[in-house]
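First comes the structure, then the notes that go with it.
4 protein chains.
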Amino acid sequence: MEFPRFEPRDEGYAARVQGSFARQGVMATIGASLAGIEPGRVVIELAWAAGLSQQHGFLHAGMVATALDSACGYAGFTLMPADAGVLTIEYKINLLAPAKGQRFRMVGQVVKPGRTVTVTEGRAYAIDEGREKLIATMSATLMTVLGREDVKN
Amino acid sequence: MEFPRFEPRDEGYAARVQGSFARQGVMATIGASLAGIEPGRVVIELAWAAGLSQQHGFLHAGMVATALDSACGYAGFTLMPADAGVLTIEYKINLLAPAKGQRFRMVGQVVKPGRTVTVTEGRAYAIDEGREKLIATMSATLMTVLGREDVKN
Amino acid sequence: MEFPRFEPRDEGYAARVQGSFARQGVMATIGASLAGIEPGRVVIELAWAAGLSQQHGFLHAGMVATALDSACGYAGFTLMPADAGVLTIEYKINLLAPAKGQRFRMVGQVVKPGRTVTVTEGRAYAIDEGREKLIATMSATLMTVLGREDVKN
Amino acid sequence: MEFPRFEPRDEGYAARVQGSFARQGVMATIGASLAGIEPGRVVIELAWAAGLSQQHGFLHAGMVATALDSACGYAGFTLMPADAGVLTIEYKINLLAPAKGQRFRMVGQVVKPGRTVTVTEGRAYAIDEGREKLIATMSATLMTVLGREDVKN
């Protein structure tokens, strides 16, 4: 599917994403980093680590979901007003293949932005000895939150 | 909803769950522990930690999902044959409230066991100053895998 | 899971549900009827019909989903203000068994009501020669809509 | 996202889809027709009808879901062996906009085919006075069933 070019309502969208990302303790814990920020699209990267693995040594699905959910959330956040916070209402993830690889790339993409509700999609790729493979797909629903200190980003 | 008593096909189900859980590096990383194992039902507990937080200091939704997905997966695993592995096909999580608390309890429950496909549900609770609150619900679909070394538990 | 007693904000909740249900052409087309309306809980019933079947003669999953989604939507609607409309943001359905039976009962239940977003769960049962069997589970997210003529119920 | 060209395992895939579609009573009831069959991709079309409407006169979300789920199921079915049946394990639908239009086009696409489990995605479009608009997205998980008379297509 082709996605339209989205217009951000706040020019400072990239700085907002970077600032919020930096305040998430868990992103440092799992070694995730921002690899791309465009209006309606965010890429997060992650390296394999023993402390993030499941029982067969692959990256744990929970870590795939954590990074992919963040990519989707920040993709939506790029299109929100400067003073908005973002909440994930729900997401669904399909795990297509074991997360076998040395590096992982998570792409979050806005499908439909809205004043209150924004719908996004995510794709997770494993990079295993130079080859990239689709390992998970996500659909996530976000809420724009205004005027609440506890969810300000 | 009431759930029926399920009969395990393998008497050693609890030991199998404990063994598999111990081999998951990520469970140690996030400080999760097994708090209950019955046929068709598994409870996982988790404590808040700065390194597991999101930008407002609450437990990151990804950590809630990681522990809850594990509870659902192991709930299904209790009813599988001794030589089976378990894969999560997909899950959906609804985040009902911020994960604000000192401790967290994740309950995974089998709704319908199957030869190939098992459907489970999960509930995540935050314990905040002694009060327990429902913060997330999950529905997860599992696959029983036989005869594959790479997904043996 | 136990559900709390919810307090409706509008005493006329049952009449609102009945009125909205009656305006849905599709409910007459598929022969669905309201079988129970309580605060936070709605039951819809449906009979098997050849014109609602899939290729093996069972009730089509789409009809199960249509009636179950309505039960969930109206369950949420019982707790909304008198002038609100309800929109389904998304739902997920797990099909546990073929919809084999003469009658079907769909139960929608609010898990967490909210000012803007309400989360519900649904259960679909087939009644086959007097025995009731769980055939599908749903989780559905609703939005309360105020001040929009096109989604007023 | 780009999708690869998938190779069908059975040359007669289009006839199989047409035959199964014709045996579904509900497809005639809702006036759905097959508008495209390729390996891994199926298009279903539908016209608005008063008997398929919700309370505001738009096409009922359940009809959107029914036709979109069928498009996804048949997309997966094109890649299955000649003697296989297909079951929908689960699907999730995000409703992006009211189904306002005279005609509707549902596109089902395989994301990852598998021996047992196939993952698909769907897009529903409303055609309203000549303009096409994305109104819903779906992710659906299918199971290939072999050797069961009751789910043979």
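Residue numbers (this note's numbering), protein chains in the order written: chain V, 1312 to 1464; chain H, 1312 to 1464; chain X, 1312 to 1464; chain B, 1312 to 1464.
Cβ atoms here follow ideal geometry from the backbone N, Cα and C, with glycine treated the same way.
Small disclaimer: the values here were computed from a predicted structure and weren't measured.
Express the C-alpha separation of residue j and residue i in angstroms, rounding to a whole number.
{"i": "Gln1366 of chain H", "j": "Arg1327 of chain V", "result": "12 angstroms"}
{"i": "Thr1431 of chain X", "j": "Glu1440 of chain V", "result": "44 angstroms"}
{"i": "Ala1360 of chain H", "j": "Phe1415 of chain H", "result": "11 angstroms"}
{"i": "Ile1341 of chain B", "j": "Arg1320 of chain V", "result": "41 angstroms"}
{"i": "Lys1444 of chain X", "j": "Pro1424 of chain H", "result": "14 angstroms"}
{"i": "Pro1409 of chain X", "j": "Gly1362 of chain H", "result": "45 angstroms"}
{"i": "Thr1377 of chain B", "j": "Ala1343 of chain B", "result": "10 angstroms"}
{"i": "Gly1396 of chain H", "j": "Arg1316 of chain V", "result": "44 angstroms"}
{"i": "His1371 of chain H", "j": "Gln1335 of chain V", "result": "8 angstroms"}
{"i": "Thr1427 of chain X", "j": "Thr1452 of chain V", "result": "14 angstroms"}
{"i": "Ala1314 of chain B", "j": "Gly1347 of chain H", "result": "Here residue 1314 of chain B turns out to be Phe, not Ala, going by the sequence shown. Taking the straight line from one Cα to the other gives about 43 angstroms."}
{"i": "Ser1364 of chain B", "j": "Arg1434 of chain V", "result": "34 angstroms"}
{"i": "Ile1400 of chain X", "j": "Arg1352 of chain X", "result": "19 angstroms"}
{"i": "Val1354 of chain X", "j": "Leu1345 of chain V", "result": "47 angstroms"}
{"i": "Ala1393 of chain H", "j": "Phe1332 of chain H", "result": "15 angstroms"}
{"i": "Pro1350 of chain X", "j": "Gly1384 of chain X", "result": "12 angstroms"}
{"i": "Thr1455 of chain V", "j": "Glu1322 of chain H", "result": "49 angstroms"}
{"i": "Gly1330 of chain V", "j": "Leu1407 of chain X", "result": "44 angstroms"}
{"i": "Asn1405 of chain H", "j": "Gly1373 of chain V", "result": "15 angstroms"}
{"i": "Ser1450 of chain V", "j": "Thr1448 of chain H", "result": "16 angstroms"}
{"i": "Arg1442 of chain V", "j": "Leu1357 of chain V", "result": "16 angstroms"}
{"i": "Met1391 of chain H", "j": "Met1391 of chain X", "result": "43 angstroms"}
{"i": "Ser1381 of chain B", "j": "Lys1403 of chain B", "result": "13 angstroms"}
{"i": "Val1375 of chain V", "j": "Ala1339 of chain B", "result": "42 angstroms"}
{"i": "Leu1398 of chain X", "j": "Gly1368 of chain V", "result": "43 angstroms"}
{"i": "Val1422 of chain V", "j": "Arg1459 of chain H", "result": "37 angstroms"}
{"i": "Gly1419 of chain B", "j": "Tyr1436 of chain B", "result": "12 angstroms"}
{"i": "Thr1429 of chain B", "j": "Tyr1324 of chain X", "result": "42 angstroms"}
{"i": "Ala1386 of chain X", "j": "Lys1411 of chain V", "result": "43 angstroms"}
Hey, does residue i have any beta-carbon neighbour from chain V nearer than 9 angstroms?
{"i": "Tyr1402 of chain H", "result": "yes"}
{"i": "Ala1437 of chain B", "result": "no"}
{"i": "Ser1331 of chain X", "result": "no"}
{"i": "Ser1465 of chain X", "result": "Look at the range of chain X in this structure, 1312 to 1464, and you will see that residue 1465 of chain X is not part of it."}
{"i": "Thr1389 of chain H", "result": "no"}
Against chain X, does residue i count as a neighbour if the rule is that its beta carbon must be under 9 angstroms from one of theirs?
{"i": "Asp1321 of chain B", "result": "no"}
{"i": "Lys1411 of chain H", "result": "no"}
{"i": "Ala1382 of chain B", "result": "no"}
{"i": "Ala1376 of chain B", "result": "yes"}
Looking at the secondary structure, which residues open and close the beta strand (DSSP E) in which residue i lies?
{"i": "Ala1358 of chain B", "result": "Arg1352 to Ala1358"}
Which residue marks the beginning of the alpha helix (DSSP H) containing residue i, and which one marks its end?
{"i": "Arg1416 of chain X", "result": "Careful: Arg1416 of chain X lies outside any alpha helix (DSSP H), inside the beta strand (DSSP E) at Arg1414 to Lys1423."}
Is there a C-beta anywhere in chain B that falls below 9 angstroms from the one on residue i?
{"i": "Thr1399 of chain H", "result": "no"}
{"i": "Thr1427 of chain H", "result": "yes"}
{"i": "Glu1432 of chain V", "result": "yes"}
{"i": "Gln1420 of chain X", "result": "no"}
{"i": "Ala1386 of chain X", "result": "no"}
{"i": "Ala1339 of chain X", "result": "yes"}
Tell me residue i's beta-bridge partners as DSSP assigns them.
{"i": "Asp1439 of chain V", "result": "V:Arg1442"}
{"i": "Glu1401 of chain V", "result": "V:Thr1452 and H:Asn1405"}
{"i": "Glu1432 of chain B", "result": "B:Gln1420 and B:Ser1450"}
Kindly indicate if chain H contains any beta-carbon less than 9 angstroms away from that of residue i.
{"i": "Met1454 of chain B", "result": "yes"}
{"i": "Ala1408 of chain X", "result": "yes"}
{"i": "Ala1325 of chain V", "result": "no"}
{"i": "Ser1450 of chain B", "result": "yes"}
{"i": "Leu1290 of chain X", "result": "Lying outside 1312 to 1464, the shown extent of chain X, residue 1290 of chain X is not represented and no answer is given."}
{"i": "Arg1334 of chain V", "result": "yes"}
{"i": "Gly1373 of chain V", "result": "yes"}
{"i": "Val1354 of chain V", "result": "no"}
{"i": "Ala1361 of chain V", "result": "yes"}
Using a beta-carbon distance below 9 angstroms, is residue i in contact with chain A?
{"i": "Ser1344 of chain X", "result": "Any reference to chain A falls outside this structure, whose protein chains are V, H, X and B."}
Exercise for review: Return the chain-ordered ranges of every beta strand (DSSP E) run that is complete within the stretch 1315 to 1399 of chain B and spans a minimum of 3 residues.
Suggested key: 1344 to 1349 and 1352 to 1358
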